[in-house]
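To start, the structure itself, in structure tokens.
Numbering (my numbering), first residue to last: 325 to 582.
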């Protein structure tokens, strides 16, 4: 007697539902694995539990299977969309390759620069007399020639700078000499002008003194103060009080002269 038909419906008991899900999930995943191995099929399985937990299986990788699935879905619907997607994928692949090539080139260039930087650091230390132990006799001789060449070039450069400074000083000396000569000539011209002006002024002064002779001054007697004589009185007649000289000029009274 065969088994009766089992009615499929949601299991109400939570614990029984979780146990059933766990058993059947494992069986489903096992069947998918067996199908992919036995039949050489590309199988992808995605399971979400009631709590939202994800369980998946992909025989060749879930992303690759999904990409193939989308490709076939779009191919069945619109060929233009498939072509556009293929072009985008090719472009993306090309960009990725270019980025990889550029990154590799940058890495190589960085490695070269790093090696060159380390070499320059070693050369600098050697020129400063450091880390000379590992060097051979040939390398030391080469280092000696480099130092002699650098010293010779430094001396030549120093000599050139000294000569250039001397030439600049000579130019400044000549320029100052020209300025000094100009100032000397200007001073001589101004001195000659001043002498000519002084000679002209002296001549004008002499001509002016000859044109206006000095008048005799009669104020010498007025500068003296009269002498006061107490208790002394001399009677002078009216006619003799102010004598007149023949020329008509008045003389001072003799009593006022000390």
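Backbone N, C-alpha and C fix where the C-beta goes; we use that ideal spot for every residue, glycine too.
Quick caveat: nothing in here was measured; it's all calculated off a predicted structure.
Residues bridged to residue i (per DSSP)
i: residue 380; result: 370
Beta-carbon separation (whole angstroms), residue i vs residue j, contact threshold 8 Å
i: residue 356; j: residue 367; result: 5 Å
i: residue 459; j: residue 467; result: 7 Å
i: residue 341; j: residue 335; result: 4 Å
Residue i (DSSP reduced to helix, strand or coil)
i: residue 333; result: coil
i: residue 509; result: helix
i: residue 375; result: coil
i: residue 464; result: helix
i: residue 358; result: helix
i: residue 520; result: helix
i: residue 418; result: helix
i: residue 454; result: coil
i: residue 526; result: helix
i: residue 365; result: coil
i: residue 353; result: helix
i: residue 459; result: coil
i: residue 303; result: With the chain represented from 325 up to 582, any question about residue 303 goes unanswered, as that position is not in the structure.
Minimum C-alpha distance to residue i - residue among the options
i: residue 471; options: 332, 448 and 490; result: 448
i: residue 365; options: 389, 375, 507 and 346; result: 389
i: residue 463; options: 396, 517, 476 and 446; result: 446
i: residue 385; options: 360, 438, 435 and 416; result: 360
i: residue 392; options: 377, 522, 376 and 413; result: 413
i: residue 375; options: 477, 346, 494 and 488; result: 346
CB contact below 8 Å: residue i versus chain D
i: residue 357; result: Annotation note: the requested chain D is absent from the structure, which comprises a single protein chain.
Would you call the region 363–371 and the region 343–354 in contact, with 3 or more CB pairs under 8 Å?
-> The region 363–371 makes contact with the region 343–354, as at least three CB pairs between them are under 8 Å.
Touch check for the region 356–365 and the region 380–393: three-plus C-beta pairs under 8 Å?
-> yes
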